[in-house]
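Be aware that the sequence shown starts at 17, since it is given in this note's numbering, and climbs by one per residue.
The beta-carbon is built from N, C-alpha and C at its ideal position, and this holds for glycine as well.
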Amino acid sequence: MRVGIVAQKDNARAADLASDIHDAVSAEVVLDSATAAAIGLDGIPVDEMDTCDLVVSIGGDGTFLFAARGARDTPIMGVNLGEVGFLNATSPGESVETVRGVVAAYEDGSMDVLTMPRVQATGEGWTLPPSLNEVVVMGGQRGHGNGVDLEVRVDGARYADGRADGVLVSTPTGSTAYNLSEGGPLVHPSADALVVTGMCAAGRMPPLVVDTERAVTVGVGGASEAVVVGDGRLTREIEPPAEVTIRRADTPLRIAGPDLDFFAALGKLD
Ligand SMILES: NC(=O)c1ccc[n+]([C@@H]2O[C@H](COP(=O)([O-])OP(=O)(O)OC[C@H]3O[C@@H](n4cnc5c(N)ncnc54)[C@H](O)[C@@H]3O)[C@@H](O)[C@H]2O)c1
Ligand SMILES: Nc1ncnc2c1ncn2[C@@H]1O[C@H](COP(=O)(O)OP(=O)(O)OP(=O)(O)O)[C@@H](O)[C@H]1O
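Here's what the structure looks like:
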C-alpha cells in the first residue's frame, strides 16, 4: 500500500505531523514535493497523488481542496489544522492513530469509503477539472454597476434570467461554503443534489435544488468579460455572449477515515 501526504505549504506544524505519520505508518509513504523538500526527503507532485491508495491532507479546507484535486478518485482523509476545517474530520492529536487504523483497514479489505459528487463546467472548446465545492459563473467584477445578464436552464428548460453578479452551482459538500454566503441552503451530505444559487440577482432567482443527473446551463451576456471559477482556484475566462454547462463530474470524491459529523461541523462556521 502507498500513502500520499499533502501538508499545508510553509506550515511547520503540518510538516511535523506529516513526518510523524511518515514514521508511524507500516506502508510506503510519499510526501508532496514542497513538504518533502522542507524535511529533506524526495517527494512527488500533488498532481501525482492519484498513484497512491490513500491520500492524507494536513491543513485547512484550502489544502483539502488542493489535495483532493490531485487525489482524483483515490480515497482522501483530512487532518484539520485550519481555522474552519469543515472538510477535515480528524484532529491533529488523533491523526497518527487514525491514519494507522485506516491503513490497517485498507490492508484487511475493510476500509469504508464515502463518495461525494463533484461538479464540472464545460464551454465551447474547454472543460474545467472537477470541483468539489462549486462552480461559479460571474462577471469580471462584482458590485454595483458590474454584473452580467444570465439565463439559467435546467436540462434545456428555462428556470430564471436577469442581471446578477453571477450564479453558482454547488455540491452538498460546497453548500456550507460560498453557496451559504450567497443565501443558498445547507444540503445534508446524504442528499444526492446540486444547488443553483443566484449571486445578488436583481430579479427573481431563488436558490433551486436539482438532482445530480440534471445539466445546468448558464447563458452569459451583457458584459465585456466573465469568468468561470471552480473551488475558488480553477479559473476560465470567457467572452460573452457565451454558454457554460455544469454537470456532475464522472469522478466523485472518495472520503476515507472517520465520518464528518455534519451537524457538529456546522458549529465551526460561526
Ligand atoms: N464569500 C465566500 O463565502 C467565499 C468566497 C470565495 C471562496 N469561498 C469558498 O472557498 C473555497 C475555496 O476558495 P479559495 O481557495 O479562494 O478560498 P479560501 O481558501 O480563502 O477559503 C475561504 C473559506 O471557505 C472555507 N471553506 C472552504 N470549503 C468549505 C466547505 N466545503 N464548507 C465550509 N467552509 C468551507 C474555508 O475554510 C475558508 O474559511 C471555494 O470553493 C468557496 O466555496 C467562499
Ligand atoms: N503542500 C503544498 N504544496 C503546494 N501548494 C500547497 C500545499 N499545501 C497548500 N498549498 C497551496 O495553498 C493553498 C491552501 O492554503 P490556504 O492558505 O487556503 O490554507 P488552508 O489549508 O485553507 O488553511 P486555513 O484554513 O488556515 O486558511 C492551496 O490551494 C494550494 O494552492
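Looking from the CA of T192, the closest CA among R230, V45, T213 belongs to T213. Judged by DSSP in its simplified three-state form, T79 adopts helix.
Contact check for A272 against M127 passes: the beta carbons are separated by less than 9 Å.
Under DSSP, E253 takes part in a beta bridge, and its partners are V243. Between D181 and R264, the alpha-carbon positions lie close to 23 Å from each other.
In terms of Cβ geometry, A280 and G163 do not form a close pair [threshold 9 Å]. Ranking P133, D165, G20 by CA distance to the CA of E150 puts P133 first. The beta carbon of D171 is closer than 8 Å to those of R230, A231 in its chain, skipping five residues each way along the sequence.
In this structure, V22 sits near V71, with a CB-CB distance shorter than 9 Å.
Within the DSSP secondary-structure output, E150 pairs in a beta bridge with S186. Nearest Cα to V225 within the set V129, G235, A217, P201: P201. The residues V22, V62, M65, V71, S73, I92, in chain order, have a CB closer than 7 Å to that of A83 in the same chain once the five nearest residues on each side in sequence are set aside. Within the DSSP secondary-structure output, Q136 pairs in a beta bridge with R263.
Measuring C-alpha to C-alpha distances from V19 to each of E253, D227, D26, V41 identifies V41 as the nearest.
Inclusion of T189 and L250 in the CB contact set at 9 Å is not warranted, their separation being larger than that value. Distances from the alpha-carbon of A176 to those of T131, G235, M154, D277 put G235 closest.
Here the distance from the Cβ of S147 to the nearest heavy atom of ligand 1 is below 8 Å. Here the alpha carbon of V245 sits roughly 5 Å from the alpha carbon of V152. Taking the C-beta atoms as reference points, V135 is found nearer than 9 Å to L210. Counting the other CB atoms within 10 Å of its CB gives L285 a total below 16, which places it among the exposed residues.
With a 10 Å radius around the Cβ and a threshold of 16 neighbouring Cβ atoms, R174 comes out exposed.
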